[in-house]
Amino acid sequence: MPDVNLSVKLAGVTLRNPVVVASGTFGFGREYSRFYDLSELGGICAKGLTLHPRNGNPAPRIAETPMGILNSVGLENPGVDAFIAEELPFLRQFDTKVIANISGNTPEEYGVMCEKLSAAGVDMIEVNISCPNVKAGGLAYGTRPELAAEVTEEAKKHANGVPVMVKMSPNVTDITEIAKAVEGAGADALSLINTIRGMRIDVNTRRPVLKMNTGGLSGPAVLPVAVRMVWEVSQAAALPILGMGGVSKGEDAAQLMLAGASAVAVGTALFADPFAPLTVRDGLAAIAAKQGLSAVSQLTGGVQAW
Amino acid sequence: MPDVNLSVKLAGVTLRNPVVVASGTFGFGREYSRFYDLSELGGICAKGLTLHPRNGNPAPRIAETPMGILNSVGLENPGVDAFIAEELPFLRQFDTKVIANISGNTPEEYGVMCEKLSAAGVDMIEVNISCPNVKAGGLAYGTRPELAAEVTEEAKKHANGVPVMVKMSPNVTDITEIAKAVEGAGADALSLINTIRGMRIDVNTRRPVLKMNTGGLSGPAVLPVAVRMVWEVSQAAALPILGMGGVSKGEDAAQLMLAGASAVAVGTALFADPFAPLTVRDGLAAIAAKQGLSAVSQLTGGVQAW
Amino acid sequence: MKVERKCKIVEMDRLDAVTFWMVLEVGKMVEQDGLRGGQFLHIKCGEGQLLRRPISVAYAGWDEPEDLATLIFEVRGEGTEWLSRRRVGDELDVIGPLGNGFNISQPGRYLLVGGGIGIPPLMQYGECLEWPRTAVLGFRTRDKAFPVITSRFQDHCERTCICTDDGTLGRHGFVDAQVREILEQDSGYTNILACGPKPMLRSVAKVANEFGVPCQVSMEERMGCGVGACLVCATPMKDGTVRHVCKDGPVFNAEEVDWDA
Amino acid sequence: MKVERKCKIVEMDRLDAVTFWMVLEVGKMVEQDGLRGGQFLHIKCGEGQLLRRPISVAYAGWDEPEDLATLIFEVRGEGTEWLSRRRVGDELDVIGPLGNGFNISQPGRYLLVGGGIGIPPLMQYGECLEWPRTAVLGFRTRDKAFPVITSRFQDHCERTCICTDDGTLGRHGFVDAQVREILEQDSGYTNILACGPKPMLRSVAKVANEFGVPCQVSMEERMGCGVGACLVCATPMKDGTVRHVCKDGPVFNAEEVDWDA
Ligand SMILES: Cc1cc2nc3c(=O)[nH]c(=O)nc-3n(C[C@H](O)[C@H](O)[C@H](O)COP(=O)(O)OP(=O)(O)OC[C@H]3O[C@@H](n4cnc5c(N)ncnc54)[C@H](O)[C@@H]3O)c2cc1C
Ligand SMILES: Cc1cc2nc3c(=O)[nH]c(=O)nc-3n(C[C@H](O)[C@H](O)[C@H](O)COP(=O)(O)OP(=O)(O)OC[C@H]3O[C@@H](n4cnc5c(N)ncnc54)[C@H](O)[C@@H]3O)c2cc1C
Ligand SMILES: Cc1cc2nc3c(=O)[nH]c(=O)nc-3n(C[C@H](O)[C@H](O)[C@H](O)COP(=O)(O)O)c2cc1C
Ligand SMILES: Cc1cc2nc3c(=O)[nH]c(=O)nc-3n(C[C@H](O)[C@H](O)[C@H](O)COP(=O)(O)O)c2cc1C
Ligand code: FES
Ligand code: FES
Chain A
842 MPDVNLSVKL AGVTLRNPVV VASGTFGFGR EYSRFYDLSE LGGICAKGLT LHPRNGNPAP
902 RIAETPMGIL NSVGLENPGV DAFIAEELPF LRQFDTKVIA NISGNTPEEY GVMCEKLSAA
962 GVDMIEVNIS CPNVKAGGLA YGTRPELAAE VTEEAKKHAN GVPVMVKMSP NVTDITEIAK
1022 AVEGAGADAL SLINTIRGMR IDVNTRRPVL KMNTGGLSGP AVLPVAVRMV WEVSQAAALP
1082 ILGMGGVSKG EDAAQLMLAG ASAVAVGTAL FADPFAPLTV RDGLAAIAAK QGLSAVSQLT
1142 GGVQAW
Chain B
842 MPDVNLSVKL AGVTLRNPVV VASGTFGFGR EYSRFYDLSE LGGICAKGLT LHPRNGNPAP
902 RIAETPMGIL NSVGLENPGV DAFIAEELPF LRQFDTKVIA NISGNTPEEY GVMCEKLSAA
962 GVDMIEVNIS CPNVKAGGLA YGTRPELAAE VTEEAKKHAN GVPVMVKMSP NVTDITEIAK
1022 AVEGAGADAL SLINTIRGMR IDVNTRRPVL KMNTGGLSGP AVLPVAVRMV WEVSQAAALP
1082 ILGMGGVSKG EDAAQLMLAG ASAVAVGTAL FADPFAPLTV RDGLAAIAAK QGLSAVSQLT
1142 GGVQAW
Chain C
312 MKVERKCKIV EMDRLDAVTF WMVLEVGKMV EQDGLRGGQF LHIKCGEGQL LRRPISVAYA
372 GWDEPEDLAT LIFEVRGEGT EWLSRRRVGD ELDVIGPLGN GFNISQPGRY LLVGGGIGIP
432 PLMQYGECLE WPRTAVLGFR TRDKAFPVIT SRFQDHCERT CICTDDGTLG RHGFVDAQVR
492 EILEQDSGYT NILACGPKPM LRSVAKVANE FGVPCQVSME ERMGCGVGAC LVCATPMKDG
552 TVRHVCKDGP VFNAEEVDWD A
Chain D
312 MKVERKCKIV EMDRLDAVTF WMVLEVGKMV EQDGLRGGQF LHIKCGEGQL LRRPISVAYA
372 GWDEPEDLAT LIFEVRGEGT EWLSRRRVGD ELDVIGPLGN GFNISQPGRY LLVGGGIGIP
432 PLMQYGECLE WPRTAVLGFR TRDKAFPVIT SRFQDHCERT CICTDDGTLG RHGFVDAQVR
492 EILEQDSGYT NILACGPKPM LRSVAKVANE FGVPCQVSME ERMGCGVGAC LVCATPMKDG
552 TVRHVCKDGP VFNAEEVDWD A
């Protein structure tokens, strides 16, 4: 490993390296802990939580597209209380930052969850206002600035100082509007992008492959959209950014960081390769070393626009 | 070739087969006519025209992304008059439908171009309100329902009965809003999707690969987004749809048709394979034959949502 | 421990145009990690496919220099097509062992019920189970009843009944009718292990339930991670919860499954 | 006529770690379609890359059973890396002939100026041009001056001057200084053909202009279609218009090019 300082700061929290795993793709860490030590990760965004347990959507919940996948999991999760009782202690064993990801049906639900999670002790709360796979809440909050701001305020009010990161939807005309609204409402960081709504049809059965008809697109296919949106948001808002969407190698992560991200999350790439976050971290370090940087954080915002 | 009727109707115009080439990827047909007889095509959407000649944007104008490309051509074109004088007669030699594609800086410009083109005799006019690569006009019209409607009305008023097809942007929160506005304003058909805004950064030079910094994403990567949007629009508006975005084989085209498209356009796939439109056509015919259809038009809207 | 490793193909036979028999060197996955029949491997099928493909293990055995796993698969789409074009000596990127396999800790008399490409996951049980057993094997047509597969059951089971949907071999009809007949004639069966298409599993589960014989079914669902992290392979249970085929399965107790979902 | 065809690799030599010499069977592309040095082929580099890669033709010749085209390329990224892993007997999906090549209809005395990987497109001109000619070849360092390339010029040109950026071979410095010296000493040159990186072309064009010698330059730009349809490979001209490298070029008259753009 080249001699580059890998640690980065995100909303005041120091990550040992800039590579986090994306919410919903890593469960609560148990499964991938059978492959490697989770302390190798910069942080873990846990599977999205709701106030009450949810079964999620009917299967099939996944479809493959060119260099992408569609998912319609629909926030299957055991509820915030079960997370705190059963999963958080497990995650706490590792020397990595734990980021809880929450979705609510009302702004109040977000508040209640923040209250519980901050009391239980998580390092950060990622407020998901962009899940395309559930009807209530979710996407609606992420596409309207005033609602996004309302949710953010409520979350901040109940987070008792735990940093609040708002997860933004790419399914909008102008993502900077939402970013500015969320910033104005007091968010500590922004994470983007969540999945882009898409559809695949089985031409033989004439049925959508997903039982929910549509789902969220992620994976390499969306990387250029993620880079563009991170770049736009980093110019419009002063908040630190957790960039994600299609990262599967160091170069992808470097693109997001140069565009303005302080750290990156790896999601879909895990399915092809459980070790992807470590490969991304090493690739990023190699790029920083090749550029003669002493710290990988020096990549952040380094793009020189024409 | 299996015995399937390939002809389809789009806004009252009969195409010999449902495969059209996408605007901006086929020039004015001269180049690909060196590979095959253009009469094999269902139709040709010509390179986007403006009232006055344009040089387009500085190069590099193209970047590669996972299963996609970004372009920032920026409507380089000789202007509508030169098209009518020099290119249209060439295109008219072939037994295929000629669809002119236009972009304006003001609604009036769209009107003037429609007047000229309808007088000159084209089979259809595709009104581009979604070019992400030019500052004036373009994208702004495609993201605001009232502006989209205004442009559509102006175009219709001056098209003298030539069908007007409005080309929609995917860079919107709710594409059905725009579709409904455009339908209300009298459009005869809709075409979608134009490109999705994206960015790629060269991590070594720290420069965006495109001189314009961002560009429009097309190619297989966007197919699931195109299928979803065609499906949404086909439910929201009663207009016929020319579906496009990532089509490179018969199955892709069948997905778009099942989702609601009457015909499809092939763009980026041409760059890998000049014969792609013919391959798509044959693949579509084979799928229709396998499903026992007598006409490929029977695919349109055939998806059975769950 | 689960591992991701490069596995060399040491045998590759074509059973018919679309069916392949492949043997992989899997390191010490059998000896150390307990890989066995009925579990599955999650296989990367070329750079063009983002998702791995789950393929069941038909046989798993200790061996030198590496343990061996036998997979039998049918070409369905691009992933399995890619897999079918591999040659002896090629390496595959494999994650395993995944899933649970059948529970055979109960002594008794077993009835193994397999349909089509659902038969391979039962092969090791047909051959090595320490309890007496009968096999009911269903095929679409005679051509699909490859002797290299059926003979393994015929050589090691008390009885092997073959059914074909079109009557070209053995009994004409679906396996559930055969299962019903067997259970009607003989009340000595204590366990049913079933693998095959979902409608078949549902029918077999119904018959098993009628006769009060515990039944385990191996289910399929589209997968992402294959390890239990992404939650896409959900299958609903009668008690209103959901379980995940890759981690909690692929084998479930039939009476726990919500067959109406 | 342009064609898309499968071209078999009949020769594949590695010149150094990143430089390859490849000979392709190109059907009757030379005899029928007039393929020649300085034009380019647009090559599909694997399924993972959506866009083809343009590679110049160093030599094109009639042959049996098929005409042959020689390409010399450097590994820069994923596409050329894929290309470098091809073997004799493999087939490439190629579109050609594309682009114009140099105009050599004017009698006179030619000066060929090449830099690095811009030298191969000049090789056929160095060897077969019917007019007397001098070559100026610039390399980064001695190791890059492959004798298999330089000797072709040395064997057929009146004079061949080699320059290296680091002075390890021939003259120390860039080619434009050498070109200036040659033109200062000898006013007999009537044409300059140049190919190489854009800064080199700009410098050479400047010198040519000073001495009033007509100069043709072969330009590079990122490409999509390669045939003139997509308009991405635009290069601005002094008169305010834009031209397209794939169709109007890659060779342009230096004085028409807008060097300040
Ligand atoms: C636990 C398990 C064990 C399996 N064991 C075997 C086996 O031993 N032999 C065998 O031939 N097949 C087996 N299958 C089915 C096999 O995984 C699919 O046929 C294969 O994934 C199809 O991939 P494809 O690319 O060829 O088809 P495509 O249709 O192109 O695949 C597209 C996507 O759908 C998924 N998919 C398609 N069909 C299925 C299916 N039936 N089940 C799950 N996912 C599917 C693929 O994984 C992929 O993500 C098993 C499936 C599961 C879940
Ligand atoms: C007309 C022409 C003739 C050429 N002839 C030769 C030759 O004979 N030998 C040789 O070694 N190289 C030649 N090149 C350059 C060669 O095309 C690029 O090095 C190659 O495309 C790089 O592809 P990659 O996938 O390896 O690199 P990547 O950097 O991964 O490519 C990414 C994208 O950028 C494009 N690109 C990258 N570099 C260039 C470049 N310099 N010019 C144009 N597009 C580029 C690629 O085509 C691709 O679309 C020529 C270029 C042009 C335009
Ligand atoms: C299977 C799956 C489940 C997901 N679940 C969640 C979730 O619960 N909460 C959330 O905020 N994002 C969720 N996401 C979105 C990811 O966190 C991430 O934003 C997106 O997948 C883009 O990154 P990627 O391309 O690296 O996967 C999910 C994504 C996938 C693929
Ligand atoms: C190089 C390029 C130029 C384009 N120019 C235009 C244009 O002038 N007018 C227009 O309406 N769309 C233009 N488009 C968009 C295409 O017509 C099409 O909507 C888009 O590329 C999606 O289809 P595809 O994935 O098959 O390419 C252009 C696309 C590309 C790649
Ligand atoms: S496939 Fe990811 S949980 Fe089963
Ligand atoms: S590459 Fe398409 S016009 Fe030149």
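Protein chains in written order, with our numbering: chain A, 842 to 1147; chain B, 842 to 1147; chain C, 312 to 572; chain D, 312 to 572. Even for Gly, the Cβ is constructed at its ideal location relative to N, Cα and C.
Residue range of the alpha helix (DSSP H) that includes residue i
i	result
C439 (chain C)	P431 to C439
Q489 (chain C)	V486 to Q496
E995 (chain B)	P986 to H999
E389 (chain D)	E389 to S395
Residue from the options with nearest C-alpha to residue i
i	options	result
A1082 (chain A)	A:G1124, A:D844, A:V845 and A:V854	Note that residue 1082 (chain A) is Ile in the sequence shown here, rather than Ala. I1082 (chain A) has its Cα closest to that of A:V854, out of A:G1124, A:D844, A:V845 and A:V854.
T381 (chain D)	D:G410, D:R387, D:G357 and D:R347	D:R347
V329 (chain C)	C:P418, C:D374 and C:G390	C:G390
A519 (chain D)	D:M323, D:E375 and D:N564	D:N564
V334 (chain D)	D:E342, D:D324 and D:N411	D:D324
A996 (chain A)	A:E1018, A:S971 and A:I943	A:I943
G400 (chain C)	C:R470, C:I320 and C:G349	C:I320
K998 (chain A)	A:L1125, A:I966 and A:L929	A:I966
D497 (chain D)	D:C474, D:I473 and D:F522	D:F522
P376 (chain D)	D:D404, D:V341 and D:T445	D:V341
G537 (chain D)	D:M530, D:K558 and D:S529	D:K558
G357 (chain C)	A:V1066, A:M908 and A:V921	A:M908
A863 (chain A)	A:G883, A:L847 and A:N846	A:G883
Boundaries of the beta strand (DSSP E) in which residue i is found, first to last residue
i	result
G884 (chain A)	G884 to C886
V968 (chain B)	M965 to N969
A380 (chain D)	L379 to E385
N564 (chain D)	V562 to N564
F931 (chain A)	Where F931 (chain A) is concerned, there is no enclosing beta strand (DSSP E), although the alpha helix (DSSP H) it sits in stretches over L929 to R933.
C474 (chain D)	R470 to T475
G952 (chain A)	Careful: G952 (chain A) lies outside any beta strand (DSSP E), inside the alpha helix (DSSP H) at P948 to A961.
I910 (chain A)	G909 to N912
H555 (chain D)	V553 to H555
Bridge-paired residues (DSSP) for residue i
i	result
D404 (chain C)	C:K317
H483 (chain C)	C:T475
Y264 (chain D)	Outside the modelled stretch of chain D, which goes from 312 to 572, sits residue 264 (chain D), for which no answer is possible.
N846 (chain A)	A:A1136
Any non-hydrogen atom of ligand 8 within 7 Å of residue i CB
i	result
V914 (chain B)	Because ligand 8 does not appear in the structure shown, any question about it cannot be addressed here, the ligands present being ligand 1, ligand 2, ligand 3, ligand 4, ligand 5 and ligand 6.
Worksheet item: Is it a yes or a no for the stretch 450-457 of chain D touching the stretch 540-558 of chain D, going by three-plus beta-carbon pairs under 8 Å?
Response: Touching, no, given that fewer than three Cβ pairs across the two stretches are closer than 8 Å.
Worksheet entry | Every unbroken alpha helix (DSSP H) inside the stretch 333-363 of chain D [4 residues or more] | none
Discussion item. Would the stretch 1054-1067 of chain B count as touching the stretch 926-944 of chain B if we require 3 or more Cβ pairs under 8 Å?
Written reply: no
Worksheet item: Can you list the alpha helix (DSSP H) stretches of 4 or more residues lying completely in the stretch 1084-1122 of chain B, in chain order?
Response: Scanning the stretch 1084-1122 of chain B for uninterrupted alpha helix (DSSP H) segments of 4 residues or longer gives 1091-1100 and 1110-1113, listed from N- to C-terminal end.
Worksheet item: In chain order, which continuous runs of the alpha helix (DSSP H) of length 4 or greater are located wholly inside the stretch 1005-1071 of chain A?
Response: 1016-1025
Worksheet item: Hey, is the stretch 1005-1017 of chain A in contact with the stretch 1007-1025 of chain B, meaning 3+ C-beta pairs nearer than 8 Å?
Response: yes
Worksheet item: For the 8 Å Cβ check, are there 3 or more pairs between the stretch 426-445 of chain D and the stretch 458-474 of chain D?
Response: yes
Worksheet item: Taking three-plus beta-carbon pairs below 8 Å as touching, is the stretch 886-903 of chain B in contact with the stretch 916-933 of chain B?
Response: yes
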